[in-house]
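Enquirer:
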Amino acid sequence: MCGIVGYTGREQAAPILLDGLSRLEYRGYDSAGLAVRDGGAPAEVVKAVGKLHHLADKTDQGRALRGQCGIGHTRWATHGDPTVINAHPHVSGNIAAPGGGAAESDVVGVHNGIIENYAELKEKLLRHGYVFYSDTDTEAVVKLVDYYYKKYGIGPVDAITRTMVRVRGSYALALMFRDYPGEIFAARKDSPLIIGTAEDASYLASDVPAILKYTRSVYYIDNLQVARVSPGHAVFYDLNGDETAVPLTEITWDAAAAEKDGFEHFMLKEIHEQPAAVRDTLNSLVKDGRADLGAAGLTEDIIRSLNGIVIAACGSAWHVGMAAQYVIEDLAGIPVRVELASEFRYRSMPMNENTLVIVISQSGETADSLAALRVAKERGALTLAVVNVVGSTIAREADHVLYTLAGPEIAVATTKAYSAQLAAMDVLAAEMARARGMITGEHYARLLEELAALPDKIRRVLEDKERLQWFSSKISNAHDIFFIGRGLDYAVSLEGSLKMKEISYIHSEAYAAGELKHGTISLIEQGTLVIGVLTQSRLFEKTVSNMMECKSRGASLMGITVNGNFAVEDSVNFTVYVPKTDEHFTPSLAVVPLQLLGYYTSVSRGLDVDKPRNLAKSVTVE
Ligand code: F6R
Numbered sequence: 019m020c021g022i023v024g025y026t027g028r029e030q031a032a033p034i035l036l037d038g039l040s041r042l043e044y045r046g047y048d049s050a051g052l053a054v055r056d057g058g059a060p061a062e063v064v065k066a067v068g069k070l071h072h073l074a075d076k077t078d079q080g081r082a083l084r085g086q087c088g089i090g091h092t093r094w095a096t097h098g099d100p101t102v103i104n105a106h107p108h109v110s111g112n113i114a115a116p117g118g119g120a121a122e123s124d125v126v127g128v129h130n131g132i133i134e135n136y137a138e139l140k141e142k143l144l145r146h147g148y149v150f151y152s153d154t155d156t157e158a159v160v161k162l163v164d165y166y167y168k169k170y171g172i173g174p175v176d177a178i179t180r181t182m183v184r185v186r187g188s189y190a191l192a193l194m195f196r197d198y199p200g201e202i203f204a205a206r207k208d209s210p211l212i213i214g215t216a217e218d219a220s221y222l223a224s225d226v227p228a229i230l231k232y233t234r235s236v237y238y239i240d241n242l243q244v245a246r247v248s249p250g251h252a253v254f255y256d257l258n259g260d261e262t263a264v265p266l267t268e269i270t271w272d273a274a275a276a277e278k279d280g281f282e283h284f285m286l287k288e289i290h291e292q293p294a295a296v297r298d299t300l301n302s303l304v305k306d307g308r309a310d311l312g313a314a315g316l317t318e319d320i321i322r323s324l325n326g327i328v329i330a331a332c333g334s335a336w337h338v339g340m341a342a343q344y345v346i347e348d349l350a351g352i353p354v355r356v357e358l359a360s361e362f363r364y365r366s367m368p369m370n371e372n373t374l375v376i377v378i379s380q381s382g383e384t385a386d387s388l389a390a391l392r393v394a395k396e397r398g399a400l401t402l403a404v405v406n407v408v409g410s411t412i413a414r415e416a417d418h419v420l421y422t423l424a425g426p427e428i429a430v431a432t433t434k435a436y437s438a439q440l441a442a443m444d445v446l447a448a449e450m451a452r453a454r455g456m457i458t459g460e461h462y463a464r465l466l467e468e469l470a471a472l473p474d475k476i477r478r479v480l481e482d483k484e485r486l487q488w489f490s491s492k493i494s495n496a497h498d499i500f501f502i503g504r505g506l507d508y509a510v511s512l513e514g515s516l517k518m519k520e521i522s523y524i525h526s527e528a529y530a531a532g533e534l535k536h537g538t539i540s541l542i543e544q545g546t547l548v549i550g551v552l553t554q555s556r557l558f559e560k561t562v563s564n565m566m567e568c569k570s571r572g573a574s575l576m577g578i579t580v581n582g583n584f585a586v587e588d589s590v591n592f593t594v595y596v597p598k599t600d601e602h603f604t605p606s607l608a609v610v611p612l613q614l615l616g617y618y619t620s621v622s623r624g625l626d627v628d629k630p631r632n633l634a635k636s637v638t639v640e
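In this note's numbering, the protein residues as written are 19 to 640.
What follows is the structure, given as structure tokens:
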């Protein structure tokens, strides 16, 4: 999604803004722009379509834009095509040269999110003599701020709060006012924005990695708040324009955690960080041989009172939910439904205070997941967020939070956050089973021991990566790949298929193995690759039979199974073994070869692994 950066201080702003934007590139974008002002001079705006280096070239790496205060933006098009004119920043004035130029405007701004009533606002502004040059919703917001600013002769904070009351939708806004040199004004609703302060400088960003190099002291500006930012200071206001306190938070992430650290891609680095991500997450949730969900406020009484669980999430986080449902139902005996957050928000599922709605999200900002959380709260359910980004909106709004400790995830395709989420959900399942008396103390201890052994087993799976690299080069011209499995193996297949298609652009589908013959098997032709996940002993023979059905129609086969199941080699062309563990936890191991397969296939095809086309890291629009 779009990225915002801002800087005000003593240094030249443009190079810092370009650096910040480069650290947000992973979020996905199709154009970028900067607005920089030198003292009281009007802001100069420069924009470019395509990769950030076009903007850097256009500004001589930022040197051509003089000034110590500025804002920058990477845009992922929603309203209006990805063109220079639609790129941000946008200005309140009536004329803006297509590629930028000096903006003789009183207000200049950048925006993340979607303004739902922008057409209506635009009409109003047109009636008041404003002329629009772009197709964006953002231009309407910047002009509306300007309109209130002039109509009522009020200060920037009041003009912004009036605008916030008038607009519908989601936004993170950073604005500069011509009459307020050296200051940036910011506001947000349902779209992330942080403000970092250092001794003589302040920074704005839509995500932590953009400013981590400069400061670790940040304010998480709250929903419906406005910030007035000057070098080294930030003052916050509520919707009434009254000053309000926002706590200063220290970011504990290591700046190096957001660097590639010698790996060719962030995705490969993050795949290798999985043992640590899983270990850290487990260590934070398990103390002295007992799950400790105290920090999340999930008491035994709450767990015992539950009569149903709904898991709502998107993409890979939804796949974690798909896996968790089998584990929770099997161990704790609580019925679980798993819903795509984008669907859940529009259905009328009956629930009450004994229903636990679990929203799983790496970013904690996914618009559909956030909406699902709010719907669940409105309907009276108890809510739990399983979130990676501390201070994110979902984490703040849920009744209870379990944090995963995966650290910053930069590659668009998730890997370590997925694994950390799986581990957190497995601890939750074991704890629910214990609290509800569904398993013996001995069984519980065994489960926790198996979980504790996972990081080392993941590391062992990673040692086998050269074989997967070799196999990926063989399949890199495939047109279709099918991933099949039953039960937990089906849940892992879903993730394997997504990893493959999203970064290699090869069409792939995940199917419950037994369902294939009800239609989809007609797609199998000579040479189609079918990958079977075979880690569940009870379902092993059945999935192998389904793979054989494909083989007899021309498919070539790959199998992922646990050490010891060597007989599988008689039937499949390529086999990958993962260490044995409790069968509830095999997804944590089986997913690793599938991630590597997607990764190496994308590399073989020469694609942009970390920033696949059309995708964004954090999907903050509906
Ligand atoms: C796929 C991927 C996405 C995310 C999804 C939810 O590799 O990363 O499918 O899982 O967009 O994002 P979060 O977890 O931030 O809510």
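Ideal Cβ positions, reconstructed from N, Cα and C, are used throughout, including at glycine. No experiment lies behind these values; they were computed from the predicted model shown.
Quick one: give me the first and last residue of the alpha helix (DSSP H) that ILE289 is part of.
Expert: First-last of the alpha helix (DSSP H) with ILE289: 284 to 290.
Enquirer: Which residues mark the beginning and the end of the alpha helix (DSSP H) in which GLN17 is found?
Expert: Nothing can be reported for residue 17: it is not among the residues displayed for the chain, which extend from 19 to 640.
Enquirer: Could you tell me whether the Cβ atoms of THR215 and SER188 are closer together than 8 Å?
Expert: No, they are not a contact pair.
Enquirer: Along the chain, which unbroken stretches of the beta strand (DSSP E) at least 3 residues long are found entirely within the stretch 382 to 409?
Expert: 400 to 405, all fully within the stretch 382 to 409.
Enquirer: Three or more C-beta pairs closer than 8 Å, one from the stretch 485 to 504 and one from the stretch 617 to 628: is that the case here?
Expert: Short answer: they touch.
Enquirer: Does the structure place the stretch 579 to 596 close enough to the stretch 444 to 454 that three or more beta carbon pairs sit under 8 Å?
Expert: As far as the Cβ criterion goes, the stretch 444 to 454 does not touch the stretch 579 to 596, which means the pair count is below three.
Enquirer: Measure the C-alpha to C-alpha separation of TYR151 and VAL109 and round it to an integer number of angstroms.
Expert: Rounded to whole angstroms, TYR151 to VAL109 spans 10 Å at the Cα level.
Enquirer: Of all residues in the structure, which have a C-beta closer than 6 Å to any heavy atom of the ligand F6R, taken in chain order?
Expert: Here the residues come out as CYS332, GLY333, SER334, ALA335, SER379, GLN380, SER381, THR384, SER387, ALA431, THR432, LEU516, GLU520, SER636 and VAL637.
Enquirer: Quick check on LEU91: buried or exposed, where buried means 16 or more other Cβ atoms within 10 Å of its Cβ?
Expert: For the record, residue 91 in the displayed sequence is His; it is not Leu. So HIS91 ends up on the buried side.
Enquirer: From LEU162, ARG196 and SER387, pick the residue whose C-alpha is nearest to that of GLU361; which is it?
Expert: Closest option to GLU361, Cα to Cα, is SER387.
Enquirer: Could you check whether HIS129 and HIS106 sit closer than 8 Å to each other, using their CB atoms as the reference points?
Expert: Yes, the pair counts as a contact, with Cβ atoms nearer than the cut-off.
Enquirer: Going by beta carbon distance, what residues of the same chain come within less than 6 Å of LEU316, once the five residues before and after it are set aside?
Expert: HIS418.
Enquirer: Can GLY57 and PRO199 be called in contact, C-beta distance under 8 Å?
Expert: In contact: GLY57 and PRO199 (Cβ atoms closer than 8 Å).
Enquirer: Does the distance from the CB of SER606 to the CB of LEU440 come in under 8 Å?
Expert: A contact, by the Cβ cut-off of 8 Å.
Enquirer: Looking at C-alpha atoms only, which residue of GLU217, HIS146 and ILE132 is the closest neighbour of MET182?
Expert: When each option's Cα is compared against that of MET182, the closest is ILE132.
Enquirer: By how many angstroms is the C-alpha of GLU396 removed from the C-alpha of ALA31?
Expert: Their Cα atoms are separated by approximately 44 Å.
Enquirer: Tell me, to the nearest whole angstrom, how far the beta carbon of TYR344 is from that of GLY505; I am working on the premise that it is less than 8 Å.
Expert: Sure, about 6 Å apart at Cβ, within 8 Å.
Enquirer: When DSSP labels each residue in this structure, what does GLY532 get in the three-state scheme?
Expert: Of the three classes helix, strand and coil, the one that applies to GLY532 here is helix, per DSSP.
Enquirer: Hey, would you say VAL479 sits closer than 8 Å to VAL610, going by beta carbons?
Expert: Contact flag set, yes.
Enquirer: If the criterion is Cβ atoms closer than 8 Å, does the pair ASN457 and LEU349 meet it?
Expert: Note on identity: in this sequence residue 457 is Ile, with Asn being the wrong assignment. Contact flag set, yes.
Enquirer: Would SER302 pass as a contact of GLY21 if the rule is Cβ separation under 8 Å?
Expert: Going by C-beta atoms, SER302 is not nearer than 8 Å to GLY21.
Enquirer: Spatial neighbours of GLU383 within its chain, please: CB distance less than 6 Å, with the 5 preceding and 5 following residues excluded, ordered by chain position.
Expert: Result list for GLU383: PRO210, SER410, THR411, SER636 and THR638, in chain order.
Enquirer: Rounded to the nearest angstrom, what separates ALA573 and ALA530 at their Cα positions?
Expert: Approximately 17 Å between the Cα atoms of the pair.
Enquirer: Let me know the secondary structure DSSP gives HIS97 once reduced to three states.
Expert: Coil, per DSSP.
Enquirer: Near ARG84, which residues of its chain fall below 6 Å by C-beta distance, leaving aside the five closest residues on each side in sequence?
Expert: Result list for ARG84: ASP56, in chain order.
Enquirer: If we cut at 8 Å on Cβ distances, does THR593 have a partner in chain D?
Expert: No chain D appears in this structure, which consists of one protein chain only.
Enquirer: Buried or exposed, going by whether 16 or more other CB atoms sit within 10 Å of the CB of THR538?
Expert: It counts as exposed.
Enquirer: Measure the alpha-carbon distance for HIS283 versus GLU481 and round it to whole angstroms.
Expert: Computed Cα separation, rounded: 18 Å.
Enquirer: Identify the continuous beta strand (DSSP E) that holds TYR189 and give its terminal residues.
Expert: From DSSP, the beta strand (DSSP E) with TYR189 extends over 187 to 195.
Enquirer: Do VAL253 and SER220 have their beta-carbon atoms positioned less than 8 Å apart in this structure?
Expert: Their beta carbons are not under 8 Å apart, which means SER220 does not touch VAL253 by this criterion.
Enquirer: Determine which residues share a DSSP beta bridge with ARG55 and list them.
Expert: According to DSSP, ARG55 bridges with CYS87.
Enquirer: Run through the DSSP bridge pairs and tell me what THR538 is partnered with.
Expert: Answer is none; THR538 lacks a bridge partner.
Enquirer: Buried or exposed: GLU601, going by 16 or more other Cβ atoms within 10 Å of its Cβ?
Expert: GLU601 comes out buried.
Enquirer: If contact is defined by three or more beta carbon pairs under 8 Å, each pair taking one atom from either stretch, is the stretch 318 to 336 in contact with the stretch 361 to 379?
Expert: In short, these stretches touch, since the Cβ pair count reaches three.
Enquirer: On the criterion of 16 or more Cβ atoms from any shown chain inside 10 Å, does ARG93 qualify as buried, or is it exposed?
Expert: Classification of ARG93: buried, given that the 10 Å Cβ count is 16 or more.
Enquirer: Are the beta-carbon atoms belonging to LYS161 and TYR148 less than 8 Å from one another?
Expert: Yes, these two residues count as a Cβ contact at 8 Å.
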